[in-house]
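Engineer: Could you have a look at this structure, given as structure tokens, before my questions?
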Amino acid sequence: MAVWGKIIGGVIGSIGGPIGIGLGAALGHQFDKAADQVGKNQQVGVAYMFILVASMAKMAKADGQISEAEIERIDQLFGQLGFKGETKNAAIQIFRKEKDSDTDIGAYFEQFSQITKADLNQAQILYTILLEIAKADGHLHEAEIQILHLAESKLRLPVGYTDREIGSQHSSLKHAAEVLGVSESASESEIKKAFRDKCKKMHPDVLKSQGLPDELVQYAGAQIQSFTEAKDAMLTKRK
């Protein structure tokens, strides 16, 4: 992965704040600290990967222990994300460090939102992975739900997003409208246009231009299914 390796020292210095501190604690001592010139996209890429893995760790340890089911799901996600070699080693180190750290994950979410300019698509990708970890053992612990609510707030997702994701209203018209970013009374043409626009934003070239790491681009593409379901739900309601 391009954002790890020698550039990590430069990225830590460029990002600063809670994310930079966390990166320095977990990885800084292992990497060349040469003053590399780090672009905005590389900052976003490193921030995304760090927040992703740190959040996985916080979520898995939220109820005080990490279950076998959670370990298995995290390993599966690492595989789906294409973590291997140096990248996987770095991810494991971040995970081990962050699961026991006293860092407020809310501060990470907040800084990530600033770096990504509160991009809804990137927030939803991160949130979806968090939700998968929370559901891994078949039970949503109150502490896990609190993290999801915190992510909703700090990542600037629509109010009530978590309640609809984990509750019986998941397929509601309101939730579908929020997924597509339209009003509940949107016309058929508005719904279809929003769907096309959302799908375009998930194109691999677009995601890479925004700084999304290569490992997440393929995973992010799965979000198109949620856009399709939302579009179908809204169009069905109109009939």
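Using my numbering, read the sequence shown as starting at -9 and increasing by one per residue.
The beta-carbon is built from N, C-alpha and C at its ideal position, and this holds for glycine as well.
Find the nearest neighbour of M46 within the set E88, Q70, G69, judged by alpha-carbon distance.
Structural biologist: Locating residue 46 in the sequence shown gives position 56, where the first residue counts as 1. Minimum Cα distance to M46 is reached at E88.
Engineer: Use the C-beta contact count for G128: other C-beta atoms within 10 angstroms, 16 or more gives buried, fewer gives exposed.
Structural biologist: For the purposes of this step, residue 128 is identified with residue 138 of the sequence shown, where counting begins at 1. G128 should be labelled exposed.
Engineer: Do E174 and A167 have their CB atoms nearer than 8 Å?
Structural biologist: As a working note, residue 174 is residue 184 in the sequence shown. As a working note, residue 167 is residue 177 in the sequence shown. Cβ distance < 8 Å, so E174 and A167 count as in contact.
Engineer: Following the continuous alpha helix (DSSP H) through V196, name the residue where it begins and the one where it ends.
Structural biologist: Translated into the one-based positions of the sequence shown, residue 196 becomes position 206. That run of the alpha helix (DSSP H) goes 194 to 199.
Engineer: Distance check for I95 and M192, CA to CA, integer angstroms please.
Structural biologist: For the purposes of this step, residue 192 is taken as residue 202 along the sequence shown, with counting starting at 1. For the purposes of this step, residue 95 is taken as residue 105 along the sequence shown, with counting starting at 1. So the alpha carbons of these two residues sit roughly 26 Å apart.
Engineer: Report the residue from I137, I61, Q112 whose alpha carbon sits nearest the alpha carbon of A97.
Structural biologist: For the purposes of this step, residue 97 is identified with residue 107 of the sequence shown, where counting begins at 1. Answer by Cα proximity: I137.
Engineer: Is it the case that the Cβ atoms of R154 and S162 are separated by a distance below 8 Å?
Structural biologist: As a first step, residue 154 must be located in the sequence shown, where it is residue number 164. As a first step, residue 162 must be located in the sequence shown, where it is residue number 172. In this structure, S162 lies closer than 8 Å to R154 by Cβ.
Engineer: May I ask you to report which of helix, strand or coil DSSP gives Q114?
Structural biologist: The count along the sequence shown starts at 1 and reaches residue 114 at position 124. The answer is helix: DSSP assigns Q114 an H, G or I state.
Engineer: Would you grab the beta carbon distance between V169 and S216 for me? Rounded to a whole angstrom, and I think it's under 8 Å.
Structural biologist: Here residue 169 refers to the residue found at position 179 of the sequence shown. Here residue 216 refers to the residue found at position 226 of the sequence shown. At roughly 6 Å, the Cβ-Cβ gap stays under 8 Å, so V169 and S216 are in contact.
Engineer: I'd like the list of long-range same chain contacts for L130, defined as Cβ closer than 7 Å, with 5 residues on each side in sequence excluded.
Structural biologist: As a working note, residue 130 is residue 140 in the sequence shown. Taken in chain order, the residues that qualify are A124, I156.
Engineer: Roughly how many angstroms separate the alpha carbons of D65 and I82, rounded to a whole number?
Structural biologist: Against the sequence shown, residue 65 aligns to sequence position 75. Against the sequence shown, residue 82 aligns to sequence position 92. Using only the alpha carbons, I get a separation of about 10 Å.
Engineer: Specify, as a first and last residue, the run of the alpha helix (DSSP H) that S274 falls within.
Structural biologist: What the structure shows of the chain is the stretch from -9 to 229, and residue 274 is not part of that stretch, so it cannot be assessed.
Engineer: With a threshold of 16 other CB atoms inside 10 Å of the CB of R63, please say whether the residue is buried or exposed.
Structural biologist: The residue you call residue 63 lines up with position 73 of the sequence shown. That one is buried.
Engineer: If L145 and F73 are in contact, beta carbons under 8 Å, what's the gap, nearest whole angstrom?
Structural biologist: If you number the sequence shown from 1, residue 145 lands on position 155. If you number the sequence shown from 1, residue 73 lands on position 83. That belief does not hold up - the Cβ atoms of L145 and F73 are roughly 22 Å apart, past 8 Å.
Engineer: Find the nearest neighbour of G12 within the set R86, H165, G75, judged by alpha-carbon distance.
Structural biologist: For this step, residue 12 is matched to residue 22 along the sequence shown. For the residues R86, H165, G75, the minimum Cα distance to G12 belongs to R86.
Engineer: Go ahead and label E178 buried or exposed: buried means 16 or more other beta carbons lie within 10 angstroms of its beta carbon, across all protein chains shown.
Structural biologist: Locating residue 178 in the sequence shown gives position 188, where the first residue counts as 1. Exposed: under 16 other Cβ atoms inside 10 Å.
Engineer: Answer yes or no: the CB of I41 versus the heavy atoms of the ligand SAH, is any distance below 7 Å?
Structural biologist: The ligand SAH is absent from the structure shown, which contains no ligand whatsoever.
Engineer: Less than 7 Å between C-beta atoms, sequence neighbours within five positions excluded: which residues of the same chain meet that for E180?
Structural biologist: Position 190 of the sequence shown, counted from the first residue, corresponds to residue 180. Cβ neighbours of E180 beyond the five flanking positions: V172.
Engineer: Identify, in the order they occur along the chain, each residue of the same chain with its Cβ nearer than 6 Å to the Cβ of P148, setting aside the five sequence neighbours on each side.
Structural biologist: Locating residue 148 in the sequence shown gives position 158, counting from the first residue. Excluding positions up to five away in sequence, the list reads E168.
Engineer: With distances taken Cα to Cα, identify the nearest neighbour of E134 among E219, E60, A52.
Structural biologist: Translated into the one-based positions of the sequence shown, residue 134 becomes position 144. Selected option, being the one with the closest Cα: A52.
Engineer: With E58 as the anchor, note down where its alpha helix (DSSP H) starts and where it stops.
Structural biologist: Sequence index remark: in the sequence shown, residue 58 carries index 68 (1-based). From DSSP, the alpha helix (DSSP H) with E58 extends over 58 to 70.
Engineer: Just how far apart, CA to CA, sit S57 and M49?
Structural biologist: For the purposes of this step, residue 57 is taken as the residue at position 67 of the sequence shown. For the purposes of this step, residue 49 is taken as the residue at position 59 of the sequence shown. S57 and M49: Cα-Cα distance of roughly 11 Å.
Engineer: DSSP three-state label for T106, please.
Structural biologist: Position 116 of the sequence shown, counted from the first residue, corresponds to residue 106. If DSSP states are grouped into helix, strand and coil, T106 belongs with coil.
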